[in-house]
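Everything in the sequence shown is counted per our numbering, starting at 1003 for the first residue and increasing by one.
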Amino acid sequence: MTGNFDLNVRFQTVAPSRDIVVVGAGIVGCAVAYELARRGASVEIIDDRGAGMGATQASAGMLAPFNEAPDGGPLLDIALRGLEIYDSFVAQLCDDAAVTLNYRRSGTLEVARTDAGVARLAHTQSVLAARGVDAEWLDRSDLRRREPTLAPSAAALFIPSQGFIGAAELTRTMASAARRHGARLIEHGRVKRIARHGDEMSVVTDRGSLTGDTVVLAAGSWSGQISVEGVDAPLPVTPIRGQLLQLQWSGPLLTRVVWSERCYVVPWDDGTVLVGATVEDAGFDERTTVAGVQELMAAVCDLAPSASAATFVAARAGLRPAAPDHLPIIGRSSALPSLIYATAHYRNGVLLAPLTARVIADLLLDDRIDPMFEQTTPMRFGAF
Ligand code: GLY
1003 MTGNFDLNVR
1013 FQTVAPSRDI
1023 VVVGAGIVGC
1033 AVAYELARRG
1043 ASVEIIDDRG
1053 AGMGATQASA
1063 GMLAPFNEAP
1073 DGGPLLDIAL
1083 RGLEIYDSFV
1093 AQLCDDAAVT
1103 LNYRRSGTLE
1113 VARTDAGVAR
1123 LAHTQSVLAA
1133 RGVDAEWLDR
1143 SDLRRREPTL
1153 APSAAALFIP
1163 SQGFIGAAEL
1173 TRTMASAARR
1183 HGARLIEHGR
1193 VKRIARHGDE
1203 MSVVTDRGSL
1213 TGDTVVLAAG
1223 SWSGQISVEG
1233 VDAPLPVTPI
1243 RGQLLQLQWS
1253 GPLLTRVVWS
1263 ERCYVVPWDD
1273 GTVLVGATVE
1283 DAGFDERTTV
1293 AGVQELMAAV
1303 CDLAPSASAA
1313 TFVAARAGLR
1323 PAAPDHLPII
1333 GRSSALPSLI
1343 YATAHYRNGV
1353 LLAPLTARVI
1363 ADLLLDDRID
1373 PMFEQTTPMR
1383 FGAF
């Protein structure tokens, strides 16, 4: 389905929302709760585990729209907007919470070791050039000089504007900043159903119900497991497992994020390195596996042979929430207009959390309909 949805679906009255229940305390739910609370709404956020304990805890925190959407299209447009507001969102949060975050826009290197890989990089470079985005082509010897730790590769593309952030730390900071703005975080309540009772919305959990004038559903991979009054089918969100390694590096570290065909690597200042990530259809199985760990170990040793001297610290797994078209689902429900979806961020939850929070707060508090909803509306999948 394409465009032309009635994005004006709303309550008969257009009074701004003030009393909002956010379902899900992952990076997206916490960003939404923070932004709403900061802008004066009364917010409750509910999850059956603590803030950032789902997919967020297994994220490498990459901010890399050009790696995630190398062919352009609507995902790239949305992801670029996500990146554009990151500096100001982080600055605002750090100021508000009086903290510093591990946030780096030190660029990323994508390496190619095969002819097909070089052709793919050349294509990405042309997409970047068409958008006026800086990128530097490195040949084998440039790359060797820049990152001697890497195994020889045919070429690489350096994209200076990309980077990474500590996703778990960001999520915890947003949750506590939201609390300081009066939000209430309710842990340990599994949401079963969202319904409307007169003018109120109710969120029914296994431990009782919450009420508000609006509900934001940001439950990641579990978004389709929550029944919504008036909606027959589950929201089409599928969990896609990603496993991630944490290593303690020994010897010279990489200087920035590196992507290869088989893995990506994020070096932290403390000498630890994150290596991600598998892409697996494993249902709701959140375990790490020998096969997943083996795959990532082999990929990182191939990319940077000195990885074999690193110490294994941990492996983590998380479930990325994917819609069939891999675009996020952000926008008002047609079945229950006081329900707003904020889910299916798939590989870009960290990158898109601030943007999601801003457009939802603009919608709920200022009645502003962002043009992005045209692409991200739940209505593209039917009457949700
Ligand atoms: N954004 C990287 C991943 O999902 O693995």
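We put the beta carbon where it would ideally sit given N, CA and C, even for glycine.
Counting only unbroken stretches of 4 or more residues, the alpha helix (DSSP H) elements lying wholly within the stretch 1351 to 1376 are 1351 to 1368, in sequence order. In this structure A1311 is in contact with G1253, their Cβ atoms being roughly 6 Å apart against a cut-off of 8 Å. For M1176, the enclosing alpha helix (DSSP H) has its first and last residue at 1169 to 1182.
Judged by DSSP in its simplified three-state form, L1247 adopts strand. For the options L1172, M1055, A1057, A1114, the alpha carbon positioned closest to that of A1156 is the one of A1114. A Cβ-Cβ distance of about 13 Å is found for the pair A1220 and V1361, leaving them out of contact under the 8 Å criterion. Within the same chain, no residue comes within 6 Å of A1235 by CB-CB distance, once the 5 residues on both sides are set aside. Pairwise C-beta distances place the stretch 1158 to 1166 in contact with the stretch 1131 to 1150, as three or more of them are shorter than 8 Å. Contact between G1278 and G1244 holds, with the beta-carbon distance rounding to 6 Å and staying under 8 Å. The shortest CA-to-CA distance from A1324 to any of E1189, D1304, F1383, P1241 is the one to P1241.
Going by C-alpha positions, L1246 is about 44 Å away from D1201.
With three or more CB-CB distances shorter than 8 Å, the stretch 1161 to 1181 counts as touching the stretch 1047 to 1060. The Cβ atoms of G1333 and F1383 do not sit closer than 8 Å to each other. An exposed status is given to D1271, since fewer than 16 other beta-carbon atoms sit within 10 Å of its beta-carbon. Here L1353 has L1065, P1067, A1081, G1084, L1085 as same chain residues with Cβ atoms under 7 Å from its own Cβ, once five neighbours each way along the sequence are excluded. No heavy atom of ligand 1 is found nearer than 7 Å to the CB of E1297. Distances between the C-beta of A1114 and the heavy atoms of ligand 1 are all 7 Å or more.
Short note on R1318: C-beta not closer than 7 Å to any heavy atom of ligand 1. Beta-bridge annotation (DSSP): Y1266 is paired with W1261, G1278.
Using a cutoff of 7 Å, the CB of A1279 counts as near ligand 1, since one of the ligand's heavy atoms is closer than that. Under the DSSP assignment, F1314 falls in the beta strand (DSSP E) whose first and last residues are 1313 to 1324. Where V1302 is concerned, there is no enclosing beta strand (DSSP E), although the alpha helix (DSSP H) around it starts and stops at 1292 to 1305.
Contact check for S1340 and P1380: beta-carbon distance about 14 Å, past the 8 Å limit, so the pair fails to qualify.
In the structure shown, M1381 falls within a helical segment according to DSSP collapsed to helix, strand and coil. Around the beta-carbon of H1125, fewer than 16 other beta-carbon atoms lie within 10 Å, marking it exposed. Using a Cβ-Cβ distance cut-off of 8 Å, the stretch 1297 to 1306 and the stretch 1182 to 1200 are not in contact, since fewer than three pairs of beta carbons, one from each stretch, lie closer than that value. If only complete runs of 4 or more residues are kept, the stretch 1113 to 1157 shows the alpha helix (DSSP H) at 1117 to 1132, 1142 to 1148, in order along the chain. Inclusion of L1338 and V1230 in the CB contact set at 8 Å is warranted, their separation being smaller than that value.
In the displayed model, R1349 falls within a helix according to three-state DSSP. In the DSSP assignment, E1086 falls within the unbroken alpha helix (DSSP H) covering 1075 to 1086. Closest in C-alpha terms to A1180, from the list I1048, A1317, S1308, Q1377, comes I1048. DSSP, reduced to helix, strand and coil, places L1187 within a strand of the structure shown. Between ligand 1 and M1064, a heavy atom-to-CB distance of less than 7 Å is present. The residues S1204, V1205, in chain order, have a CB closer than 8 Å to that of S1211 in the same chain once the five nearest residues on each side in sequence are set aside.
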